[in-house]
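> Submitted below is the structure of interest, expressed as structure tokens.
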Amino acid sequence: MRAYGCRTAVVAAAALSLAVSLAACGTGGESAGSGAAASGDGGFTVGLLFSQIVQTRWEQFDKPLIEKKVKELCADCAVEYGNAEGDVATQQQLVDTLINKDVDVLILSAVNFRSLRSAVERAHDAGIPVVAYDGLVEGPVSGYVSFDNERVGKLQGEALLKALGDKADERRIVMMNGPQTSPTNVAFKKGALSALEGKVEIGKTYDIQGWKQESAHADMVRAIAALGADGIDGVYAANDGLASGVISALKASSIDPWPPVTGQDADLAAVRNILSGDQYMSVYKPFKAEADAAAEMAVALGRGEKLDDIARTAVDTATTKNIPAVLLDPVPVMVDDIKDTVVKDGVYTIGQICTPKVASACEKAGLTG
561 MRAYGCRTAV VAAAALSLAV SLAACGTGGE SAGSGAAASG DGGFTVGLLF SQIVQTRWEQ
621 FDKPLIEKKV KELCADCAVE YGNAEGDVAT QQQLVDTLIN KDVDVLILSA VNFRSLRSAV
681 ERAHDAGIPV VAYDGLVEGP VSGYVSFDNE RVGKLQGEAL LKALGDKADE RRIVMMNGPQ
741 TSPTNVAFKK GALSALEGKV EIGKTYDIQG WKQESAHADM VRAIAALGAD GIDGVYAAND
801 GLASGVISAL KASSIDPWPP VTGQDADLAA VRNILSGDQY MSVYKPFKAE ADAAAEMAVA
861 LGRGEKLDDI ARTAVDTATT KNIPAVLLDP VPVMVDDIKD TVVKDGVYTI GQICTPKVAS
921 ACEKAGLTG
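Residues 561 to 929 in our numbering are what the sequence shown spells out, letter by letter.
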């Protein structure tokens with residue numbers, strides 16, 4: 561190879577789960593009350609709501625990293641967590657639950673940037689500042705932490721062109737984008753197109769709702785049927801989950817020669833796929849830096865402080881201007897970069913990466929031996 565049931569039930573269950581977790585936190589989870597900012601170094605409650613669990617990073621990395629940093633900055637603070645599992649109505653209900661529990665600040669990764677606007681407005685009206693995490697959301701947001709998302713897409717596009725070689729303009733690719741329901745995902749696609757348009761033929765393009773691996777697999781099967789088994793020279797996959805679906809479809813169709821496939825998030829399975837040659841590259845987004853910045857913003861806002869010492873830039877949405885922002889740099893990861901990125905930063909150990917299936921590839925890459 562070349563190198564959901566009934567929505568009401570879901571909402572109620574999620575709200576009940578969160579309510580139980582809040583009750584279980586004891587005195588450490590007590591809020592300053594009515595969303596009022598705590599003063600000095602006293603404890604308060606940080607709400608943390610994520611959008612989905614399809615991507616493993618959220619609960620494997622982001623959640624524990626944010627919780628740890630909040631505790632480092634504020635020993636008496638508590639973090640109350642909920643996950644909408646891709647459902648807007650669930651996330652709206654979870655926001656309301658946290659408002660009613662008098663959290664003092666909210667870190668929010670929104671399912672849909674427009675649909676959560678009213679929830680952000682309700683939090684603001686209750687005196688609860690909102691930090692948008694990993695993607696913007698409309699409404700009166702107090703801070704924003706993410707990566708330069710257009711650059712993420714551009715890095716992927718540039719890597720794919722490099723893999724296609726000097727005759728890229730004679731090659732044909734398929735694009736597997738994420739759902740175009742947030743500025744983040746729109747930016748990934750925009751960045752990729754900035755590198756790819758006019759330099760390679762885009763044979764088929766798909767926007768995969770919910771980032772579902774099985775949908776990427778099905779659409780890749782359709783692309784192969786439409787373009788031919790020998791008519792696809794590369795695949796832009798917006799993240800590692802989509803890349804996995806693409807790879808399974810390519811294998812099912814016995815595609816040869818094997819096309820380069822991009823990804824994002826440097827998932828453990830993706831790192832192994834890069835070593836085996838199934839995936840050409842991923843984009844590593846140092847989760848700790850993002851989580852730390854979000855926790856720093858949340859603690860500062862919970863104490864009624866400004867974000868001047870944390871945010872070095874500002875961004876705008878359709879509803880809010882000059883939102884203090886931290887935009888971090890993404891890092892491309894190909895086979896020769898694994899040791900100096902995810903291994904060096906302690907994201908994965910050599911033992912976790914180098915299973916027997918990729919043992920020889922690990923040795924060749926300088927990870928073992």
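A virtual CB, placed ideally from N, CA and C, is assigned to each residue, including glycine.
Which runs of the alpha helix (DSSP H), 4 residues or longer, sit entirely within the stretch 615-695?
Whole alpha helix (DSSP H) segments, 4+ residues: 623-633, 648-660, 677-685.
> Could you check if residue 719 is buried or exposed, using at least 16 other CB atoms within 10 Å of its CB as the buried criterion?
The residue in question, residue 719, is buried, as its Cβ has 16 or more Cβ neighbours within 10 Å.
> Measure how close the beta-carbons of residue 655 and residue 679 come, nearest whole angstrom, since I'm counting them as under 8 angstroms.
About 4 angstroms; that satisfies the 8 angstroms criterion.
> Starting from residue 822, follow its DSSP beta bridges and name the residues at the other end.
Paired residue(s): none; residue 822 is not in a bridge.
> For residue 737 versus residue 708, is the C-beta spacing smaller than 9 angstroms?
The answer is no: Cβ separation not under 9 angstroms.
> In chain order, which beta strand (DSSP E) runs of at least 3 residues are fully inside the stretch 855-917?
DSSP runs (the beta strand (DSSP E)) wholly in the stretch 855-917: 873-875, 883-888, 891-893.
> Going by C-alpha distance, which of 602, 925, 788, 904 is nearest residue 733?
The shortest Cα separation from residue 733 among 602, 925, 788, 904 belongs to 788.
> Considering only their Cβ atoms, is the gap separating residue 794 from residue 773 smaller than 9 angstroms?
No. Outside cutoff.
> Can you grab the Cα-Cα spacing for the pair residue 816 / residue 832, in whole Å?
About 20 angstroms.
> Ignoring anything shorter than 3 residues or poking outside the stretch 776-841, list the beta strand (DSSP E) runs there in chain order.
Runs found: 794-797.
> Reducing DSSP to helix, strand and coil, say where residue 729 ends up.
Helix.
> Hey, how far is the Cα of residue 791 from the Cα of residue 883?
So the two alpha carbons sit approximately 45 angstroms from each other.
> Just to confirm, are residue 666 and residue 700 a CB contact at a threshold of 9 angstroms?
Against a cut-off of 9 angstroms, the Cβ pair of residue 700 and residue 666 comes out as no contact.
> How close, in whole Å, do the beta carbons of residue 675 and residue 648 come, if the pair is a contact with beta carbons under 8 angstroms?
The pair is a contact, with the Cβ atoms about 5 angstroms apart (cut-off 8 angstroms).
> Among 711, 610, 620, 663, whose alpha-carbon lies nearest the alpha-carbon of residue 693?
The shortest Cα separation from residue 693 among 711, 610, 620, 663 belongs to 610.
> Roughly how many whole angstroms lie between the Cα atoms of residue 698 and residue 677?
Their Cα atoms are separated by approximately 5 angstroms.
> If we ignore side chains and look at the alpha-carbon of each, how far apart do residue 595 and residue 869 end up?
Bear in mind that the predicted position of residue 595 carries a pLDDT of just 39, short of 50, making it unreliable; the figure below should be weighed with that in mind. Each residue's Cα considered, the two are about 23 angstroms apart.
> With a CB to CB cut of under 6 angstroms and the five nearest residues on each side skipped, what residues in its chain are close to residue 803?
Within the same chain, residue 803 has close Cβ partners 797, 821, 823, 839.
> Can you tell me which of 888, 892, 749, 743 puts its alpha carbon nearest to the alpha carbon of residue 872?
When only C-alpha atoms are compared, the closest one is 888.
> Which residues in the same chain have their Cβ closer than 6 angstroms to the Cβ of residue 583, if we skip the five residues on either side of it in sequence?
Reliability fails at residue 583, whose pLDDT of 37 lies under 50, so the model's placement of it is uncertain and no value is given.
> Would you call the CB atoms of residue 810 and residue 841 closer than 9 angstroms?
Taking 9 angstroms as the Cβ cut-off, residue 810 and residue 841 do not qualify as a contacting pair.
> From residue 846 to residue 758, what does the alpha carbon distance come to, in whole angstroms?
Cα-Cα distance, rounded: 31 angstroms.
> Check residue 564 in the structure and name its three-state DSSP category.
Its pLDDT being 29, under 50, residue 564 is placed unreliably in this model, and the coordinates cannot settle the point.
> Measure the alpha-carbon distance for residue 885 versus residue 825 and round it to whole angstroms.
So the alpha carbons of these two residues sit roughly 21 angstroms apart.
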